[in-house]
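If you count by mature numbering (1 follows the signal peptide of the UniProt record, and there is no 0), then the sequence shown holds residues -23 to -1, 1 to 295, one letter each, in order. Cβ coordinates follow ideal geometry from the N, Cα and C atoms, glycine included. Beneath this line is the structure, given in structure tokens, with notes to follow.
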Amino acid sequence: MRLGLAFAVVVLLAVVAVEVAEAGKDYYKILGIPRDSPERVIKKAFRAAARKHHPDRSKLPKENAEEKFREISKAYEVLSDPELREVYDRHGEEGIDRMNNGGSPGGGGGGGGGGFNFEFGGGGFNFGDMFGGGFGGGGGGGGMRKQEATVELSLREIYKGGDKKVYVNTGSGQKVVILDVPAGIREGESIESPDGRIVFNVKEKKHPRFERAGAHLHTSVPITLHDALLGTTVTLRHIDGSDLEFTIPPGKVVSPKSKKTFKKKGFPIVGSRSGRRGNLIVTFDIEFPAADSMTDADRALFASSFGDWVYGSKGKGK
């Protein structure tokens, strides 16, 4: 009985070993993560592995480093795509290869080619080709070939930084790439995709109320002539969604285009170790009464009120 049980276990282990061998590489093991890992864990593991094994940094021989990096990139490419990950979990690497060759993931594959094919703006590059000859070669230097693309960021996204989803066209549909946006990045600067294969050039979207000037953030606030002369409390919705409240005290006259500065309420200065930021600069737009809205009584009231008004620093009266 025991012999029979032992034989069954040996046979079962042999079958499992054969299935694993047929399934190909273990992408989860390559990234060093459990099979039930969520997307954020996959991304974090990939970034760490890509930094460690990038051919420009790796201590391995060049060919070995390139092969290792290809392996890591392919593992991430599959596991970060829900559809491909499901195919891989069911049929292993073999299922992915069959699907790329035009066949069914579960069997019966078609012929020819293979590899992941990505398209950007009508052009394209092949996952299998992009590493060939792309790590320098001849005359030294080089590094991996990179594809360029553009990413538009709102001022709020630039102000806050963080993850940004970008949709990239692939041969079989769209793929999501998660970019790590540094807070305060400027237009014309670039962000690399997590795998280092794509460089996204930053373009700022115009905001209806805010403008950027270096690290400073500018906006305007409309107030009535009444409030400019007699004071008021103003609530300003900041670009980060918070409310800034400030008071114009009675007796402090606000002139057209005068400004109020909020220290350190502008953009973070990228690379600053001390957390330096620019300022928020608010310009006041004074709303005057419409030209035809004043009655004779209004004019008489204004004339009596401003008869002894002192103008400017020279104290010239009217």
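Nearest to residue i by CA position, among the options, is which residue?
i	options	result
Y4	L37, R62, S35	R62
R186	F177, A277, T196	T196
A126	N178, G138, K51, V143	N178
A52	E40, R24, R276	R24
Q151	D140, R47, S57, D33	S57
K229	G218, H203, G139	H203
P59	D269, P245, L213, R17	R17
N256	R189, R214, A27	R189
H68	T224, G1, K137	G1
K137	S167, V247, V198	V247
N146	D140, I175, A277	I175
F239	F223, T272, E44, S50	F223
L8	E40, D33, M271, E54	E54
F46	R276, A26, H184	A26
S167	Q124, I10, P11, E70	Q124
residue 297	D33, I49, A42	The question about residue 297 has no answer, for the chain in this structure spans -23 to 295.
I258	L213, S219, P226	L213
H215	L194, S282, G252	L194
S14	K36, P38, R276, D66	D66
Y144	E134, E129, I225, I135	E129
V211	I225, S219, G218	I225
E142	K20, S35, A280	Inspection of the sequence shows that residue 142 is occupied by Lys rather than by Glu. Checked all of K20, S35, A280; the closest Cα to K142 is K20.
D217	E71, R133, E70, S270	R133
K180	A280, T201, I135	I135
Can you give the beta carbon distance from residue i to residue j, rounded, assuming they're within the 8 Å contact cut?
i	j	result
A192	G243	5 Å
S131	K182	5 Å
R254	P266	Incorrect: roughly 39 Å between the Cβ atoms, too far for contact.
Tell me, which residues are paired with residue i by DSSP?
i	result
D220	R214
E264	T201
L56	Paired residues: none, contrary to the question.
F239	L257
I225	T209
P245	R254
So does residue i have its beta carbon nearer than 7 Å to some heavy atom of the ligand PLP?
i	result
R163	This structure lacks the ligand PLP, and indeed carries no ligand of any kind.
Any beta carbon of chain D sitting closer than 8 Å to that of residue i?
i	result
Q151	Absent here is chain D; the protein component of the structure consists of one chain.
If we count Cβ pairs, one from each stretch, closer than 8 Å, do we get three or more for the region 203 to 214 versus the region 155 to 171?
no
Which parts of the region 123 to 205 are runs of the alpha helix (DSSP H), unbroken and 4 residues or longer, counting only runs that do not cross its ends?
132 to 137
Is there contact here, the region 150 to 160 with the region 171 to 182, by at least three beta-carbon pairs under 8 Å?
yes
Should the region 222 to 237 be called in touch with the region 250 to 262, which here means at least 3 C-beta pairs below 8 Å?
yes
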